[in-house]
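Protein chains in written order, with the numbering used here: chain P, 1 to 232; chain Y, 233 to 339.
Structure (structure tokens):
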């Protein structure tokens with residue numbers, strides 16, 4: 001575990017939309033690490049504030065209207081940079097990621113081997129219990145990403161990433177919805193940011209399956225990407 | 233004058249009035265609009281004009297030529313509108329984001 005000072009400079013950004021059932025567990029899991037937690041409430045119909053108000057040292061940001069996960073992440077990044085973050089981590093609110101994986105993503109950054117680390121459930125030692133349909137979608141997604149970005153990663157759409165300040169400065173996500181995962185890759189390629197994939201676990205619970213992306217939303221992501229390429 | 237001619241010219245007239253009420257400030261817009269209206273009315277009243285143009289361009293009928301060009305124009309309009317929606321979305325995002333950061337709370 002990092003010492004206190006260093007952990008203070010790590011900002012964990014959690015985009016949040018109506019995840020009231022699990023958000024408390026997710027955050028309580030993160031607390032022992034002493035990271036700075038930035039919760040970006042993306043216009044949820046029910047504010048999580050009441051569930052979380054007794055937890056100390058938590059930054060709360062509220063989008064007044066629902067913009068999408070990409071927009072929430074970018075808001076968190078802007079905020080964390082303003083607060084002087086050294087390292088920024090994006091983390092899903094639905095309990096898919098393990099807080100213990102963050103450290104292994106931070107290590108290459110601290111050793112100056114990479115500027116951004118992206119978690120992968122498909123690398124060796126990475127774990128997941130994805131359904132067959134999802135695995136196929138993610139496989140197709142790899143090729144779609146490769147087609148759009150020139151980067152061929154083992155995991156197309158993983159919400160867990162860690163980056164240093166230099167890298168975070170270069171991201172300006174314009175895709176408000178889910179295509180931002182690919183937009184990260186576009187920016188990595190364009191700015192020649194050093195990246196590394198790190199094995200990590202993705203836990204699919206009944207809850208996260210219900211809340212998360214369906215296989216069909218990948219079609220929407222694809223069209224968002226086509227339009228992104230056309231209009232940017 | 234056949235029924236369809238009356239129908240179409242009335243339609244054009246209504247659209248023209250509507251636009252004139254909204255765009256009366258800019259001379260450029262008015263000139264463009266007048267030209268378009270004149271062309272539309274001319275094509276409606278004398279469809280043979282379009283037939284002649286169509287034949288010169290290698291299209292069988294005037295109506296087909298109008299149809300093909302409309303498709304092109306609609307594509308253009310859709311793209312323009314889409315670009316504008318994206319721009320609007322970005323502006324909204326910017327405003328909402330600024331708000332969120334300015335009003336950040338800490339427990």
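We treat Cβ as the ideally placed atom computed from N, Cα and C, and that holds for glycine. Just so we're clear, the structure is a prediction, and the values are computed from it rather than from any experiment.
Task: Terminal residues of the beta strand (DSSP E) in which residue 195 of chain P lies - done: 195 to 199
Task: Cutoff 9 Å: residue 339 of chain Y Cβ touching any chain P Cβ - done: Yes, its Cβ sits closer than 9 Å to a Cβ of chain P.
Task: 7 Å Cβ cut-off: residues of chain P touching residue 328 of chain Y - done: 63, 64, 65, 67
- [ ] Indicate the three-state DSSP secondary structure (helix, strand or coil) for residue 154 of chain P in the structure shown.
- [x] coil
- [ ] Could you have a look at residue 338 of chain Y and say whether DSSP puts it in helix, strand or coil?
- [x] strand
TODO: Would you kindly work out how many angstroms separate the C-alpha atoms of residue 123 of chain P and residue 116 of chain P, rounded to a whole number?
DONE: 17 Å
Open item on the list: Check whether the segment 67 to 77 of chain P and the segment 10 to 23 of chain P are in contact - that is, three or more C-beta pairs closer than 8 Å.
Closed with: As far as the Cβ criterion goes, the segment 67 to 77 of chain P touches the segment 10 to 23 of chain P, which means the pair count is three or higher.
Task: Contact list for residue 318 of chain Y against chain P, beta-carbon separation under 7 Å - done: The contacting residues are 231.
Open item on the list: Contact criterion: CB-CB distance below 9 Å. Does residue 71 of chain P meet it with respect to chain Y?
Closed with: yes
- [ ] Kindly indicate which residue of P/194, P/165, P/147, P/118 has the alpha-carbon position closest to the one of residue 157 of chain P.
- [x] P/118
Task: Contact set between residue 75 of chain P and chain Y, taken where Cβ atoms lie within less than 7 Å - done: 329, 332, 333
Task: Beta carbon of residue 160 of chain P nearer than 9 Å to that of residue 91 of chain P - done: In this structure, residue 91 of chain P lies closer than 9 Å to residue 160 of chain P by Cβ.
Task: Three-state secondary structure (DSSP) of residue 42 of chain P - done: Note: residue 42 of chain P maps to strand in three-state DSSP.
- [ ] State yes or no: is the C-beta of residue 265 of chain Y within less than 9 Å of the C-beta of residue 255 of chain Y?
- [x] Yes; because the gap between Cβ atoms is below 9 Å, this pair is in contact.
Task: Same chain, Cβ closer than 8 Å to residue 64 of chain P, neighbours up to 5 away in sequence not counted - done: 43
- [ ] Closer than 7 Å by beta-carbon distance: list the chain Y residues that pair up with residue 174 of chain P, in chain order.
- [x] 322
TODO: Please check the pair residue 105 of chain P and residue 162 of chain P, which I expect to be a contact at CB under 8 Å, by giving their CB distance rounded to whole angstroms.
DONE: 4 Å
Task: Proximity to residue 174 of chain P [Cα-Cα], best of P/184, P/54, P/167, P/148 - done: P/184
Open item on the list: Using 8 Å for Cβ pairs, my map puts residue 84 of chain P next to residue 176 of chain P. What's the rounded Cβ distance?
Closed with: So it is not a contact: roughly 26 Å between Cβ atoms.
- [ ] Report yes if the CB atom of residue 315 of chain Y is closer than 9 Å to the CB atom of residue 222 of chain P, and no otherwise.
- [x] One thing to note: residue 315 of chain Y has its Cβ no nearer than 9 Å to the Cβ of residue 222 of chain P.
Open item on the list: Can you check which of these residues, P/164, P/128, P/152, P/141, is closest to residue 108 of chain P by C-alpha distance?
Closed with: P/164
Open item on the list: 9 Å is my cut-off, CB to CB: does residue 233 of chain P come that close to chain Y?
Closed with: For chain P, the structure presents residues 1 to 232; residue 233 of chain P sits outside this window and is missing.
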